[in-house]
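Residue numbers for the sequence shown follow numbering that gives the first Met the number 0, beginning at 0 and rising by one. For every residue, glycine included, the Cβ atom is placed at its ideal position computed from N, Cα and C. Computed from a predicted structure; not experimentally measured. Some notes on the structure that comes next.
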Amino acid sequence: MAAMASVPASAHAEGKAAGKVRSVTLQSANVPGDVPVSIYTPPAYGQGRPLPLMLLLHGGNGSDQDLLRFIPAIDAAIADGRIPPVVIATPSARRSLYMDFKDGSQRWETFLISDLLPHLRDTLAVSAERRDSFVGGYSMGGLGSLRLAFKHPQVFGAVAGLEPAVEPVLSWSDAGPRVKFWRPEKMIEPMFGSPIDLDYWAANHPPAIAKRDPGRLIDLPIYIDVGDQDMLYLNQGAEFLHRILFDAGVGHEYRLVHGADHVGPSLVPRLLDAMEFIGRQIRPPGWIDETVLKTRAVYDDKKRAAGVPVEPVDPRRIRGL
0 MAAMASVPAS AHAEGKAAGK VRSVTLQSAN VPGDVPVSIY TPPAYGQGRP LPLMLLLHGG
60 NGSDQDLLRF IPAIDAAIAD GRIPPVVIAT PSARRSLYMD FKDGSQRWET FLISDLLPHL
120 RDTLAVSAER RDSFVGGYSM GGLGSLRLAF KHPQVFGAVA GLEPAVEPVL SWSDAGPRVK
180 FWRPEKMIEP MFGSPIDLDY WAANHPPAIA KRDPGRLIDL PIYIDVGDQD MLYLNQGAEF
240 LHRILFDAGV GHEYRLVHGA DHVGPSLVPR LLDAMEFIGR QIRPPGWIDE TVLKTRAVYD
300 DKKRAAGVPV EPVDPRRIRG L
């Protein structure tokens, strides 16, 4: 592994402190070639207890350098107290979908879990606890982050999938033109085989994973975002996943962002919104206070009188289903 010197991540006219970005290159038997990784450390890095760690996964045709686009806004949000200090790492994963290929030629999921995470925990002042470990991403990275967290909920304290590139079906055989114009079979045959192995596809498809065993996700805080103008119709897939989680009673936060498309300036504030969700897992806001409990007690009495079940507060589950 070779590391470049750290450099300031951003500079602010108002004089606020800036974090730093360093670049490392990893090699692994699980994936071919070098894997560049950009790592952001906030100004508070190294000044106290180990910080939380977030994997931020880039979209298709992206690279680790995509992290740089978001750093000025992240620096400002940390300085303003919108989000807590967090270390962020973005690996270059090419167009891998962040998955283990069926033929075993590339194992990106294994690389992320078994190589990258241990390396970051060994070489950085970050916490190795599940409650301090997060994954998020956008587009292909949104798909990858959801799959990674859904398959390994014991590893991550929360997941944030922005405009995730998930198909609004439970079987690839049901995918139509609105999917295949942006995800043609030839593109994904290296991952799923030729012809597409339908069982392997479903085993790596976040909605199918959630549908098959929603109980595994109860303790995983989940954030899903998509623009209502998404040019790839990814709002269809995000809504599909939202409904599966909702109908299963799995607590999650879902945002259909009015006027936002798949690319463009909306992604920066949307990522900050997602990181605020991550921040609420690090520093719980205490929304269920004495006022809430007293008000609930009044309405619980009304429910009992009407023969309606009384359910305790449990943010892991959606109530009233």
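Neighbour-count burial assignment, residue i, 16 or more Cβ in a 10 Å radius
{"i": "A304", "result": "exposed"}
{"i": "M0", "result": "Any reading at M0 must be qualified, since the residue scores a pLDDT of 44, below 50, and its modelled position is unreliable; no value is offered."}
{"i": "G143", "result": "buried"}
{"i": "Y97", "result": "buried"}
{"i": "W200", "result": "buried"}
{"i": "I287", "result": "exposed"}
{"i": "S170", "result": "exposed"}
{"i": "K136", "result": "In the sequence on display, residue 136 carries Gly and not Lys. That one is buried."}
{"i": "N60", "result": "exposed"}
{"i": "Y298", "result": "exposed"}
{"i": "S138", "result": "buried"}
{"i": "K101", "result": "buried"}
{"i": "L320", "result": "exposed"}
{"i": "G306", "result": "exposed"}
{"i": "P311", "result": "exposed"}
{"i": "M3", "result": "Residue placement at M3 is flagged as unreliable, the pLDDT there being 43, under the threshold of 50; the coordinate-derived value follows with that caveat. Its Cβ having fewer than 16 others within 10 Å, M3 is exposed."}
For residue j and residue i, believed in contact at Cβ under 8 Å, the rounded distance
{"i": "H261", "j": "D229", "result": "5 Å"}
{"i": "T89", "j": "H118", "result": "Incorrect: roughly 14 Å between the Cβ atoms, too far for contact."}
{"i": "I150", "j": "I217", "result": "It is Lys, not Ile, that sits at residue 150 in the sequence shown. About 15 Å; that fails the 8 Å criterion."}
{"i": "A174", "j": "I277", "result": "Rounded, the Cβ-Cβ distance is 31 Å, inconsistent with contact."}
{"i": "A72", "j": "V267", "result": "5 Å"}
{"i": "F155", "j": "S132", "result": "5 Å"}
{"i": "P163", "j": "I223", "result": "7 Å"}
Among the options, the one whose alpha carbon lies nearest that of residue i
{"i": "R106", "options": "V20, K302, E238 and P31", "result": "P31"}
{"i": "P213", "options": "G45, I70, S62 and P152", "result": "P152"}
{"i": "L240", "options": "R146, I77 and V309", "result": "R146"}
{"i": "L233", "options": "V249, I243, R177 and I221", "result": "R177"}
{"i": "L271", "options": "W181, R315, L161 and R94", "result": "L161"}
{"i": "P264", "options": "F69, G47 and L55", "result": "F69"}
{"i": "A78", "options": "A16, L197, Y44 and P206", "result": "A16"}
{"i": "M21", "options": "A28, F191 and L66", "result": "Reading the sequence as shown, one finds Arg at residue 21 and not Met. Ranking A28, F191 and L66 by Cα distance to R21 puts L66 first."}
{"i": "V249", "options": "D121, I317, A164 and F191", "result": "I317"}
{"i": "N29", "options": "I112, K19, G140 and F180", "result": "I112"}
{"i": "K210", "options": "P220, A247 and V165", "result": "A247"}
{"i": "F180", "options": "M190, F191 and E166", "result": "E166"}
{"i": "T109", "options": "R282, G47 and A92", "result": "A92"}
{"i": "M274", "options": "D227, R120 and D74", "result": "D74"}
{"i": "V34", "options": "G18, D63 and Q46", "result": "D63"}
Exercise for the section: Would you check if there are 3 or more beta carbon pairs closer than 8 Å linking the region 43 to 63 to the region 114 to 129? Expected result: The region 43 to 63, when compared against the region 114 to 129, does touch it at the 8 Å Cβ threshold.
Handout entry: Length at least 3, wholly inside the region 163 to 235: the beta strand (DSSP E) runs in chain order
Key = Look at the region 163 to 235 and you find these whole runs of beta strand (DSSP E), each 3 residues long or longer: 221 to 226.
Problem - Three-pair Cβ contact test at 8 Å for the region 85 to 99 versus the region 26 to 39 - result: The region 85 to 99 is in contact with the region 26 to 39.
Problem - Three-pair Cβ contact test at 8 Å for the region 250 to 266 versus the region 176 to 188 - result: In short, these stretches do not touch, since the Cβ pair count stays below three.
Exercise for the section: Could you name each continuous alpha helix (DSSP H) segment of 4 residues or more that falls completely within the region 106 to 148, going from the start of the chain to the end? Expected result: Counting only runs of 4 or more, we get 116 to 122.
Exercise for the section: At 4 residues or longer, and completely inside the region 232 to 279: list those alpha helix (DSSP H) runs for me, N to C. Expected result: Listed in chain order, the complete alpha helix (DSSP H) runs (minimum 4 residues) inside the region 232 to 279 are 233 to 246.
Practice task
Output the residue ranges of the beta strand (DSSP E) runs that lie fully inside the region 5 to 66 and measure 3 residues or longer, sorted by chain position.
Solution key: Within the region 5 to 66, the complete beta strand (DSSP E) runs of at least 3 residues are 19 to 27, 30 to 40 and 52 to 56.
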